[in-house]
Each structure stands twice: as C-alpha cells, then as structure tokens.
Amino acid sequence: MAFTIAIDGPAAAGKGTLSKGIAAHFGFGHLDTGLLYRAVGWRMLSGEDPIEAARGLMPEDLDRADLRTPEVAQAASKVAVIAEVRAALVDFQRAFARRAGGAVLDGRDIGTVICPDAEAKLFVTASAEVRAERRYLELTGKGQIVTLDQVLADVRARDERDMNRAEAPLKPAEDAVMIDTSKLDIDAALGVAIAAIRTKM
Ligand code: C5P
Numbered sequence: 000m001a002f003t004i005a006i007d008g009p010a011a012a013g014k015g016t017l018s019k020g021i022a023a024h025f026g027f028g029h030l031d032t033g034l035l036y037r038a039v040g041w042r043m044l045s046g047e048d049p050i051e052a053a054r055g056l057m058p059e060d061l062d063r064a065d066l067r068t069p070e071v072a073q074a075a076s077k078v079a080v081i082a083e084v085r086a087a088l089v090d091f092q093r094a095f096a097r098r099a100g101g102a103v104l105d106g107r108d109i110g111t112v113i114c115p116d117a118e119a120k121l122f123v124t125a126s127a128e129v130r131a132e133r134r135y136l137e138l139t140g141k142g143q144i145v146t147l148d149q150v151l152a153d154v155r156a157r158d159e160r161d162m163n164r165a166e167a168p169l170k171p172a173e174d175a176v177m178i179d180t181s182k183l184d185i186d187a188a189l190g191v192a193i194a195a196i197r198t199k200m
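Reading the sequence shown from the start, the letters are residues 0 to 200 in numbering that gives the first Met the number 0.
In structure tokens form, the structure reads like this:
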C-alpha cells in the first residue's frame, strides 16, 4: 500500500532529521528532495546549463559528498526558481512518493505541488536564529570554516528566495500540520510528528 508523508519547511528547520526519524519509525523510504536541487546547483557551478542538468540528472549525482556546502545550497536555491528545472524533477519525485511500502518526502513544495494528495502533511518551522545556529553547529562539526553571521545571512537569503519565487513558493499546504521546532529537541519533535501522522492512518 502506498502512503505518502509530505514534509515541507525552510532551510535548517529540522526537516532532514525529522524525516529520517519518521521514515525509520514507519519503515518507509525517504527522499530528501533538496538533494535533487543541490545536484543541479552543483552541476551549474561546474559550468553546465541547469535545465540540461536537471533533465539529465542521474541517481549517482545524489551521492556526491560535496552537495552539503553553503555554496551548493545557494546554487540550489537559484536553480530552483527555474520552472523548467522544477518540471524536469517532478516525475521522479511522484514515482518515489507512490512506491509500495510508504514514502517520506521532504522539501519546499511537496504538500502543495508534488504530492497535493499526500495522506499526511507536515510543515516544520523554527526561527531564523535557531535554524542558523543548528546549521552552524552542523557545518563546523563537519570541519567547515563558517561564522554564525554568514550562516544566518545564508539562511535568510534562501528563505527570501524560496518564499518569494513565482514557481512553487515555500508555503504550508492548507491541510498541513504545523510543527515549530524552536523549543523542541529532536525526540520531542519526532513524538509530535508521529502522533500527527498516526491520526491520518
Ligand atoms: O532542503 P535543502 O536545503 O537541501 O534545499 C536546497 C534548496 O533547494 C532550497 O533552498 C530550495 O531553494 C530548493 N528546493 C526546492 N524545492 C524542494 C527542495 C529544495 O525548491 N522540494
């Protein structure tokens, strides 16, 4: 049986960790759709046309180790405003969403555009300061040299671009359950999310 869980929200709100935890809890597959845009952004930084890159995206493009840098994140949010790039990535995401055994997809437009009929939808947020601090700890923990101010500016620039674009802007679906993780640790957020999803099963 296919059961789709759509998880949207801004950068560094905790979607990734939460999605992995939810997928593990229910035994579902998980697709981090940001990786698709990051892979296209990476290929644009290497000189490729982003539309061609999106149309020719290969599964192995998602396994690159260097997709998690701030430069690639910014490039991802730039290619993500291009309608043809978004269109080229739709079928892959929808096929994943309907896979047998259940699927968790996290991104910006899963509940609104990719899977408007998802059985469960969550919108995960936190204040920009909390998100920047989490991302700062994550990046410095991996040995990257960044300042908190840089990360905050990066988070705000991406929020701005993601919320104000014409194509599939970041916004909660009308039927999404809102989860603010500013004051929740991961276990608490996971508990809230799993309880919300269970009511749809
Ligand atoms: O989630 P992540 O931070 O990896 O996403 C990188 C960028 O990709 C986002 O800032 C956003 O511009 C874009 N994106 C998107 N739609 C999605 C997932 C990501 O536009 N479903």
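For every residue, glycine included, the Cβ atom is placed at its ideal position computed from N, Cα and C.
T124 versus G13 - alpha carbon distance: 8 angstroms
Here's the rule I'm using: 16 or more other beta-carbon atoms within 10 Å means buried, otherwise exposed. How should H29 be labelled? buried
Just the C-alpha distance for E59 and A102, rounded to the nearest angstrom, thanks. 20 angstroms
If you draw a straight line from the C-alpha of V145 to the C-alpha of S76, how long is it? 19 angstroms
Within the same chain, show all residues whose beta-carbon is closer than 7 angstroms to that of T139, passing over the 5 residues directly before and after it, in chain order. V145
Rounded separation between R130 and A175 - CA only: 20 angstroms
How far does the beta strand (DSSP E) with E139 in it extend, from its first residue to its last? Here residue 139 turns out to be Thr, not Glu, going by the sequence shown. First-last for T139: 127-140, but that is the alpha helix (DSSP H), not the beta strand (DSSP E).
Which listed residue (L44, G190, I81) has its alpha carbon closest to that of H24: G190
Here's a check: name, in chain order, each residue in its chain whose Cβ is nearer than 8 angstroms to the Cβ of R63, leaving out the five neighbours to either side. A38, W41
Within the same chain, show all residues whose beta-carbon is closer than 7 angstroms to that of V80, passing over the 5 residues directly before and after it, in chain order. R160, R164, E166
Helix, strand or coil for V145? Go by DSSP, reduced to three states. coil
To test your reading of the DSSP string, which unbroken alpha helix (DSSP H) runs of 4 or more residues are found completely within the segment 55-137? 69-78, 82-96
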